[in-house]
Amino acid sequence: MFATIKEDLETALARDPAARNLLEIALTYPGVHAVWNHRIAHFLWSRHFKLLARIWANWSRTATGVEIHPGATIGRRFFIDHGMGVVIGETTIIGDDVMIYHDVTLGSRGYVKGKRHPTIQNNVIIGSGARVIGNITIGSGSAIGANRVITQDMVTTPVEFIYQI
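Mapping of the sequence shown onto the working numbering: position 5 corresponds to residue 5, and the numbering continues sequentially without gaps.
This is how it looks when you write it as structure tokens:
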């Protein structure tokens, strides 16, 4: 547990040029707090304490401005920069070394049971205001520019291409 917390703090320090030290991150970064709270809620969810998990997640959303459903699966070194307005749906799967900015939605397209949210593979960056909608896959190494709406699978895309559009 302590190794994971340290890894989260070091990830924020490495990815945010404004971060000055680990203590500042631990005390003031809502994206980091949201991920920590999600781990607790996901633990409860996966052990069938669904109501308690939802209550914990709702409290976390109120405190951080980041809404992560306790059923979402999140990998290692996931970093949410700024965080306010981020929404991550129940069946979302996020790989390792993913970074997202504020106001990102990883949502569904309809009222279907089962997998209905995106799968984000490893080493993906999702820019501010982006919407990734539906049961789609964003390939490893992809970058999604600010305010983009993605509704179809996306293979690895060079960063230069995304930011030229």
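Beta carbons: idealized from backbone N, C-alpha and C, even for Gly.
query                                                                                       : result
Short Cβ contact (7 Å threshold) for Thr92 with Pro118                                      : yes
Which residues DSSP lists as bridging Gly189, in chain order                                : No information on residue 189 is available, as it lies outside the stretch 1 to 165 that the chain covers here.
Presumed contact (8 Å Cβ cut-off) between Met99 and Arg15, rounded CB distance              : 6 Å
Gly139 and Met154 closer than 7 Å at C-beta                                                 : yes
For Val87, the three-state DSSP class (helix, strand or coil)                               : strand
Rounded C-alpha distance that separates Asp96 from Glu10                                    : 14 Å
Straight-line Cα distance separating Asp81 from Ile40                                       : 20 Å
Three CB pairs or more closer than 8 Å across the stretch 39 to 57 and the stretch 15 to 26 : no
Extent of the continuous alpha helix (DSSP H) to which Phe2 belongs                         : 2 to 15
Exposure label - Ala18; buried when at least 16 CB within 10 Å                              : exposed
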